[in-house]
Amino acid sequence: MDKILEIKDLHVHYFSNRRTVKAVNDLSLDMQRGRVLGLVGETGAGKTTLALSILNMIRAPQGKIISGSIRFNNTDILGMSNQELREMRGKDIAMIFQDPMTALNPVLTIGEQIAETIYKHEKISKAEAWSKSEEMLETVGIPGVRAKEYPHQFSGGMKQRVVIALSLACNPTLLLADEPTTALDVTIQAQVLDLMRGLIKTNNTSVLFITHSLGLVVENCDEVATMYAGEIVEYGTVEQVFGNPLHPYTRGLLGSLPDYSKGSPRLRPIPGL
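Here it is in structure tokens:
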């Protein structure tokens, strides 16, 4: 298969006055074009840090990519200039952030923010970019007329839909989806997942799907990687990993799911570090 992303021996640390946190520790991972890779693991395992590293968005002095390589379409992301990174982000690689307020500018209307991204990366007029921004809002269940409103005028779930529209606006080659459906109701969640599937089918987009929901992984992913303490401890197809988990942590994740076929289940906790 055609590799779109190659991560080799990645180390990412965060620093405080008291200690150094090894958020990502000697991690290697490949992604194939047009495939959906589910990334599962407990909070603090390093999943979001990995996604931010792919965009080269780990910032000193709080954090630093210590060593390793990240290649996208055979281009070294960690060696890119700031201008090259700006051109790549949003167009070639886009991210749906877990917290929508980290991705939205409070002083610009949501239409301006989506249109600005489209105008920057596509050779179309500003009027066409605005029209497309309204269309993107419609695809995530928000009336296009609300493009003139500001982020504070939207609820948390609506903000998340705006972020999803913003991320998908330029049909990225690689989509980093960090808990993209957590704040959405079931109906909108289904619409968003359908939108992502359409993007994959139409543009051969690859998706890194970060989630706590093993059910969503089964329904939407081709492969799955289990992340624990900054490391990928298990990787394979969804059928391989969930059908025959080899690592104790993966078995613990699957064992922590309630089995309602046996009445009121007792949940089995997973020991921490």
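Take the sequence shown: its position 190, counted from the start at 1, is 714 in the working numbering, and no numbers get skipped.
Here a beta-carbon is modelled for each residue, glycine too, at the ideal position from N, C-alpha and C.
Quick caveat: nothing in here was measured; it's all calculated off a predicted structure.
What three-state label does DSSP hand residue i in the structure shown?
i	result
LYS570	Per the sequence presented here, residue 570 reads as Gly, with Lys not at that position. Three-state result, GLY570: coil.
THR711	helix
ILE581	For clarity, residue 581 is Met in the given sequence; the question names Ile instead. In this structure, MET581 counts as coil in the three-state DSSP scheme.
GLN607	helix
THR544	strand
SER593	strand
LEU778	helix
GLY635	helix
ALA618	strand
LEU563	strand
Measure the Cβ-Cβ separation of residue i and residue j and say whether it is below 9 Å.
i	j	result
ALA701	ILE734	yes
LEU699	VAL742	no
VAL686	LEU628	yes
ILE528	ASN597	yes
THR572	GLY614	no
GLY665	ILE724	no
VAL548	SER593	no
MET660	ALA618	no
MET625	PRO675	yes
ALA714	ALA671	no
LEU574	LEU551	yes
HIS736	VAL757	no
THR482	ASP623	Outside the shown range of the chain (525 to 797) lies residue 482, about which nothing can therefore be said.
GLU763	VAL560	no
SER655	ILE634	no
LEU553	TYR759	yes
THR663	LEU692	yes
VAL564	THR761	no
VAL536	ILE620	no
GLY562	ASN744	yes
GLY681	ASP718	no
When DSSP builds the beta bridges, which residues end up paired with residue i?
i	result
LEU551	LEU534
TYR752	GLU755
ILE600	For clarity, residue 600 is Asp in the given sequence; the question names Ile instead. DSSP lists ARG595 as partners of ASP600.
ARG557	For ARG557, which the question treats as bridged, DSSP gives no partner whatsoever.
ILE648	The partner list for ILE648 (beta bridge, DSSP) is empty, contrary to what the question assumes.
VAL765	According to DSSP, VAL765 bridges with nothing at all.
LYS527	GLN556
LYS588	HIS537
For residue i, tell me which candidate among the options has the shortest Cα-Cα distance.
i	options	result
LEU534	LEU563, GLY565, SER591	SER591
GLU646	GLY562, ASN695, LEU740, ILE688	ASN695
ALA569	TYR773, THR774, GLU758, TYR752	TYR752
VAL545	ASP600, GLY754, ILE620, SER780	GLY754
PHE539	GLN715, SER780, ILE582	ILE582
ARG606	LEU579, GLY722, SER649, PHE621	Checking the sequence shown, residue 606 turns out to be Asn, not Arg. Comparing Cα positions, the closest option is LEU579.
SER780	GLN764, THR761, ALA749, GLY739	GLY739
GLY776	GLU566, SER552, ASP550	GLU566
ARG557	LEU609, SER679, THR729	THR729
GLN684	VAL716, ARG595, LEU609	VAL716
MET555	PRO585, ARG542, ARG595, GLU636	ARG595
GLN586	GLY668, ASN541, LYS644	ASN541
GLY668	GLU636, PRO630, TYR643	GLU636
PHE678	ALA651, SER649, PRO630	PRO630
Check your understanding: Where in the segment 666–748 do unbroken runs of the alpha helix (DSSP H), each at least 4 residues long, occur, reported from the N-terminal end onward?
Key -> Taken in chain order, the unbroken stretches of alpha helix (DSSP H) that lie wholly in the segment 666–748 and span 4 residues or more are 680–692, 710–727, 738–744.
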